[in-house]
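Working notes, beginning with the structure itself.
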C-alpha cells in the first residue's frame with residue numbers, strides 16, 4: 274500500500290467505519306475500552322481514600338490513556354484531508370478540528386500539556402481530565418436510533434421552538450405573579466423576580482427543591498396551577514417525539530420500498546402487468562408475485 278492508500282485507510286477506519294470492516298470494529302472496540310478505563314480512573318481519582326492509596330497507579334493509567342488519545346487525535350488530523358495544496362491542507366484540517374467530537378478530543382488531551390503552561394494549576398488539569406468522559410459520546414454517532422432522533426428533532430424543530438418559547442413565557446409570567454403575591458408575606462424568600470424565578474423553574478419541572486415555598490392561600494393556588502401547567506408542557510415533547518419516530522420509520526419504509534421497486538427490472542414488471550391484463554393470473558397471484566419481487570410484506 275502506498276502513502277495515499279494508507280492515509281485514506283486510516284481516515285476510513287477512524288471516521289467512516291463500515292459495519293463489515295473487522296479491522297475498524299476491532300480498533301474502535303479497543304478505543305472504547307481505553308476510554309472506559311480512562312473514565313473509571315478519572316472518577317476513582319476524585320475519591321480521596323482511593324487517590325491516596327492508588328494515586329500513582331491511577332496517574333499512570335490516565336497518562337497511558339492520554340498517550341493513546343494523542344496518537345488517535347494526531348492520526349485523525351493527519352488523515353482527514355487528501356488535498357495537495359498547502360493552503361487547502363491547512364483549511365481542511367482547521368474545519369475538521371472544529372467538529373464537536375474533535376473539540377472534545379482536543380480538550381481531553383490538554384491535561385498532558387497544561388503542566389508545561391501552568392505548572393501549579395491542578396484545578397485545570399482535574400477539570401480537563403473530566404472532559405475525557407464525554408469521549409464516550411462519540412460512539413453514539415453511529416447508532417441508528419440516535420440518527421433517527423436527530424432527524425426527528427430537526428423535522429420538528431419549529432414545534433420545539435414554539436414550545437420552548439411558551440415554556441419561557443410561563444416561567445417569567447409565573448415568577449412575576451408569585452413575586453407580587455408572596456413578597457408581602459415573605460420578603461426574604463421572594464425578594465425579587467429572579468428569586469421567584471428559581472422557585473418557578475423548580476415547580477414547572479416538578480422537581481420541587483423545597484427551599485422556597487408559597488405560604489399565602491393565593492400563592493398556593495397559583496403554585497398548583499403552575500405545577501399542572503408544567504406537567505402538561507413537559508409531557509408534550511414526549512408525544513411529539515413518539516409521533517416523530519413513527520413518521521420517520523414510515524418514511525424509511527417507503528424509501529426502502531421505493532429503492533426495491535427501482536431495483537426490479539422494468540421489463541419484468543411490464544410482463545407481470547401484461548399477464549394480469551390478459552387474464553393469465555388473477556389479482557391474488559399478481560399480489561403474491563409482487564411480494565416475492567419486492568420482498569416486502571407490506572406490498
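Numbering (my numbering), first residue to last: 274 to 572. Think of the CB as a built atom: it goes at the ideal place given N, C-alpha and C, for glycine as much as any other residue. These numbers were taken from a predicted model, which means no experiment stands behind them.
Leaving out the 5 sequence neighbours to the left and right, which residues in its chain are closer than 7 Å to residue i when beta-carbon positions are compared?
i	result
residue 496	476, 487
residue 329	none
residue 472	451, 485
residue 454	489, 491, 492, 495
residue 317	323, 331
residue 424	521
residue 517	425, 428, 429
residue 442	none
Taking the straight line between their C-alpha atoms, what separation do you get for residue i and residue j?
i	j	result
residue 351	residue 279	11 Å
residue 313	residue 331	9 Å
residue 560	residue 528	20 Å
residue 569	residue 422	Reliability of the predicted coordinates at residue 569 is poor, the pLDDT of 47 falling under 50, and the value obtained from them is presented with this limitation in mind. Approximately 25 Å between the Cα atoms of the pair.
residue 287	residue 365	17 Å
residue 515	residue 509	10 Å
residue 375	residue 327	31 Å
residue 438	residue 336	45 Å
residue 340	residue 284	19 Å
residue 293	residue 277	22 Å
residue 302	residue 321	31 Å
residue 349	residue 446	49 Å
residue 356	residue 550	58 Å
residue 296	residue 420	23 Å
residue 367	residue 282	21 Å
residue 526	residue 459	59 Å
residue 511	residue 440	15 Å
residue 498	residue 325	52 Å
residue 275	residue 543	49 Å
residue 360	residue 546	59 Å
residue 347	residue 372	15 Å
residue 562	residue 291	34 Å
residue 483	residue 298	49 Å
residue 552	residue 558	11 Å
Going by the CB atoms, is the gap between residue j and residue i shorter than 8 Å?
i	j	result
residue 354	residue 362	yes
residue 300	residue 334	no
residue 450	residue 315	no
residue 435	residue 448	no
residue 444	residue 403	no
For residue i, which residues of its own chain have a beta-carbon under 8 Å away from its beta-carbon, when the five flanking residues on both sides are left out?
i	result
residue 479	500, 503, 504, 507
residue 481	475
residue 468	452, 462, 485
residue 432	513
residue 345	287, 304, 378
residue 343	382, 385
residue 338	307, 308, 310, 311, 314, 405
residue 289	none
residue 456	463, 464
residue 556	549
Within its chain, find whatever has a CB closer than 6 Å to the CB of residue i; leave out the 5 residues flanking it on each side and keep chain order.
i	result
residue 554	548
residue 319	none
- Kindly confirm or deny that the region 417-437 and the region 512-528 touch, where touching means at least three C-beta pairs closer than 8 Å. Below 8 Å, enough C-beta pairs join the region 417-437 and the region 512-528 to call them touching: three or more.
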